[in-house]
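Residue numbering for the sequence shown is 80 to 699, as defined by this note's numbering.
Take a look at the structure set out below.
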Amino acid sequence: MKRAALLGGAALVLGSSAVLAQRAPESLLPPGVGTPTPTPTPTPRPTATATQAPTPSTPTAPSAPAAPAGGGEVVQQVPSTSGPVDVSGVTLSDIPSVEELEEMTVDDLDDLLGLKPRYDIPPAARRSTERVGIISEGEGGLPVGSLARQPASIVRAALANTTQPLVSRWGHIVLRRALASRLNAPAGMDPVAFASLRAATLNAMGEHAAARALVQDVDTADYSEDLTTAALDAHIGTSDILGACPVVRLGQSERDDLQWSMLEGICSAYAGETTAANNDLRRLLSRTEDDRIDVLLAQRFAGAAGSGRRAVTIEWDDIESMTPWRFALSNALGEPIPEGLSETLGPYYLKASASTPALPVAQRLRGASLAAASGILSATAMVDLYSQIYANRQEDSTAEEAIARAASLRNAYVDPDAGQRMAAIREVWNGEDGYSGLVLTAYAAARLTPSDDFADDAPELIASMLTAGLDRDAMRWAGVVEVGSVGWALLALANPQDVQVTDGQLDTFENDDESAGQRKSQMLLAGLAGLGRTDSDNIAEYSERLGVNLSAQTSWTRMIEKAAAADNAALVVILAGLGMQGTDWDQMTARHLYHIVSALRRVGLEAEARMIAAEAVARA
Numbered sequence: 080m081k082r083a084a085l086l087g088g089a090a091l092v093l094g095s096s097a098v099l100a101q102r103a104p105e106s107l108l109p110p111g112v113g114t115p116t117p118t119p120t121p122t123p124r125p126t127a128t129a130t131q132a133p134t135p136s137t138p139t140a141p142s143a144p145a146a147p148a149g150g151g152e153v154v155q156q157v158p159s160t161s162g163p164v165d166v167s168g169v170t171l172s173d174i175p176s177v178e179e180l181e182e183m184t185v186d187d188l189d190d191l192l193g194l195k196p197r198y199d200i201p202p203a204a205r206r207s208t209e210r211v212g213i214i215s216e217g218e219g220g221l222p223v224g225s226l227a228r229q230p231a232s233i234v235r236a237a238l239a240n241t242t243q244p245l246v247s248r249w250g251h252i253v254l255r256r257a258l259a260s261r262l263n264a265p266a267g268m269d270p271v272a273f274a275s276l277r278a279a280t281l282n283a284m285g286e287h288a289a290a291r292a293l294v295q296d297v298d299t300a301d302y303s304e305d306l307t308t309a310a311l312d313a314h315i316g317t318s319d320i321l322g323a324c325p326v327v328r329l330g331q332s333e334r335d336d337l338q339w340s341m342l343e344g345i346c347s348a349y350a351g352e353t354t355a356a357n358n359d360l361r362r363l364l365s366r367t368e369d370d371r372i373d374v375l376l377a378q379r380f381a382g383a384a385g386s387g388r389r390a391v392t393i394e395w396d397d398i399e400s401m402t403p404w405r406f407a408l409s410n411a412l413g414e415p416i417p418e419g420l421s422e423t424l425g426p427y428y429l430k431a432s433a434s435t436p437a438l439p440v441a442q443r444l445r446g447a448s449l450a451a452a453s454g455i456l457s458a459t460a461m462v463d464l465y466s467q468i469y470a471n472r473q474e475d476s477t478a479e480e481a482i483a484r485a486a487s488l489r490n491a492y493v494d495p496d497a498g499q500r501m502a503a504i505r506e507v508w509n510g511e512d513g514y515s516g517l518v519l520t521a522y523a524a525a526r527l528t529p530s531d532d533f534a535d536d537a538p539e540l541i542a543s544m545l546t547a548g549l550d551r552d553a554m555r556w557a558g559v560v561e562v563g564s565v566g567w568a569l570l571a572l573a574n575p576q577d578v579q580v581t582d583g584q585l586d587t588f589e590n591d592d593e594s595a596g597q598r599k600s601q602m603l604l605a606g607l608a609g610l611g612r613t614d615s616d617n618i619a620e621y622s623e624r625l626g627v628n629l630s631a632q633t634s635w636t637r638m639i640e641k642a643a644a645a646d647n648a649a650l651v652v653i654l655a656g657l658g659m660q661g662t663d664w665d666q667m668t669a670r671h672l673y674h675i676v677s678a679l680r681r682v683g684l685e686a687e688a689r690m691i692a693a694e695a696v697a698r699a
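This is the structure:
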């Protein structure tokens, strides 16, 4: 503000010098126009009272000129004198030079002149941060006060260390629901810090859309540095560049890195400051060597605003790696990514592309398989994607493989012959990558009537239905599967009824288990033990036979057991997510599965516990 006053004072001083250097101005108005009409002196009226001594008249302010009788302009009088300008303490060194002004960005000038707003919502309409989240308890979220009395240090440590995706699809689903729930912060934790930890965890899981919705439940004026970072990651992960502008333009972040500067330029362009924004981005380009393509993408994006359109050529020749920023801007602009880069995209980009509406459906399908297996996309969402492929098959003939799979999926649902529907389901499984094929056919499998003709396919059909939580539909196959088979094991874990498993049944399954290292038997034992569906003698015997120790204690097992003993579902889910991190199901141990299933069941999340246990056997 001091600099603003100095600039204003300097402008007045320079303006006064310019006026003194000119001749007296000449009137350009016709004679008589703008000249005040003399006011006639009123004639004193005689009164009946005695003559009084004259009272000295008080000078009055000059009246405004009357409008001419014949019409015309009324010229406002300019004050003849102006108040003195207070320039005490002002030195020329305090006033920015022309070179410094040219180097300033729009935001720098706003800060200099005190024009940058401090909030985007009037104080009377500001939202409380006491409860932050997007799913209320009535909508399926966890109770508001779930973590209110829990130690802040445990919650902070668990969320801060959940930095990878989860191996379990159902574990991912239940953790996403917990993090998105409308919750009070734990005792002693700042609500904004709690929101930033949850948003960062959702971003790490690939749930950028949920993270974006969560951060938008907090007013921009309340953002911390960590919440700002999580918000930018969420908007970039969803290719929603302009969605980050309230954070960039109104937030209080101290960031000055290249990405932040590019966002400032883009947001300024879409705020109507096109010329200044383009100048800022040009300066960034001149200072950048290794990341020139990032600035070029930003220039093209900003160039679409207002009248500042200019041709920007994007060249990928020397680009050997992809970044979230490049990926997001390319998607938002419709800029094709070279095959050399697109064929080597990692899990982050594949998951992000699956839920990016701006991309062609055929391009989204490549990442959809991974997103479905991870828990990001539901069975319904997968069917919707393939339905779009099938509906547009005449217009897009390049995606032949996807169109053929869409046709098979359609037959799996609507073919009048059950045998043909089963054949179509097998075709979908063969065309999809592993577990995602089971997700895609969940509802088609539920439409099949159980039959001995399909006994060989029963394990996959049951596993497919359980990916969507269709446990009652799956239980119809109990009379088809043989005791000790994989299908039987899945139903033993997924059964809504508490049915005990005997040692003879376990022995039959173990003898027929052909999985590597008898992983399926280990997971079955852990799941049954966690659900309380086999006795302690069986647990002890088969733990020794299978080489697992379900009772071994670690700091994590002690924490999740204490959370379950306190009947705190939210903390149990957060700790379960911490224990399910990884890139492959082989990283999940039977001991971890036992504690997760047991804790979830004890806090009332038995349905989720059953689905996780069944998934473990299906994917082991």
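Ideal Cβ positions, reconstructed from N, Cα and C, are used throughout, including at glycine.
Computed from a prediction, not measured in an experiment: that's the story for all the values here.
Residue i - DSSP class collapsed to helix/strand/coil
i: residue 734; result: This structure cannot speak to residue 734, because the chain is shown only from 80 to 699.
i: residue 214; result: strand
i: residue 570; result: helix
i: residue 230; result: strand
i: residue 221; result: coil
i: residue 384; result: coil
i: residue 378; result: helix
i: residue 584; result: helix
i: residue 295; result: coil
i: residue 438; result: coil
i: residue 691; result: helix
i: residue 450; result: helix
i: residue 490; result: helix
i: residue 590; result: helix
i: residue 430; result: helix
i: residue 696; result: helix
i: residue 680; result: helix
i: residue 308; result: helix
i: residue 673; result: helix
i: residue 768; result: In the structure as shown, the chain starts at 80 and stops at 699, and residue 768 therefore has no counterpart that could be examined.
i: residue 303; result: coil
i: residue 401; result: coil
i: residue 284; result: helix
i: residue 667; result: coil
i: residue 499; result: helix
i: residue 339; result: helix
i: residue 415; result: coil
i: residue 626; result: coil
i: residue 457; result: coil
i: residue 530; result: coil
Residue i - partner residues in DSSP beta bridges
i: residue 660; result: 245
i: residue 266; result: 230
Spatially closest choice to residue i from the options, by CA coordinates
i: residue 425; options: 438, 408, 445; result: 445
i: residue 70; options: 598, 690, 606; result: Nothing in the structure corresponds to residue 70, since the chain is present only between 80 and 699.
i: residue 313; options: 529, 427, 262, 676; result: 427
i: residue 281; options: 656, 685, 681; result: 656
i: residue 688; options: 566, 574, 593, 614; result: 574
i: residue 284; options: 617, 619, 644, 454; result: 454
i: residue 484; options: 503, 475, 693; result: 503
i: residue 578; options: 554, 214, 524, 510; result: 554
i: residue 332; options: 519, 204, 402, 301; result: 301
i: residue 271; options: 542, 212, 508; result: 212
i: residue 700; options: 352, 235, 205, 384; result: As shown, the chain starts at 80 and ends at 699. That puts residue 700 outside it, with no answer to give.
i: residue 414; options: 400, 393, 403; result: 393
i: residue 320; options: 435, 257, 418; result: 435
i: residue 322; options: 336, 287, 353, 534; result: 287
For residue j and residue i, believed in contact at Cβ under 8 Å, the rounded distance
i: residue 412; j: residue 380; result: 6 Å
i: residue 701; j: residue 564; result: No answer is possible for residue 701: the residues shown for the chain start at 80 and end at 699.
i: residue 507; j: residue 491; result: 6 Å
i: residue 682; j: residue 647; result: 7 Å
i: residue 676; j: residue 692; result: 5 Å
i: residue 231; j: residue 266; result: 6 Å
i: residue 695; j: residue 602; result: 4 Å
i: residue 237; j: residue 653; result: 5 Å
i: residue 328; j: residue 350; result: 7 Å
Heavy atom of the ligand NAD within 7 Å of residue i beta-carbon
i: residue 444; result: What this structure holds is no ligand at all, so the ligand NAD is not there to describe.
**OP:** Report yes or no: do the region 236 to 256 and the region 667 to 687 share at least 3 C-beta pairs separated by less than 8 Å?
**Re:** At 8 Å Cβ cutoff, the stretches touch.
Subject >> At least 3 beta-carbon pairs within less than 8 Å: the region 608 to 616 vs the region 568 to 585 >> reply: Contact between the region 608 to 616 and the region 568 to 585 is present: 3 or more CB-CB pairs across the two stretches fall below 8 Å.
Original post:
Would the region 258 to 278 and the region 209 to 225 be scored as touching if the rule is three or more Cβ pairs under 8 Å?
Top reply: Touching, yes.
**OP:** Would you be able to state if there are at least three C-beta pairs under 8 Å between the region 341 to 356 and the region 458 to 466?
**Re:** Short answer: they don't touch.
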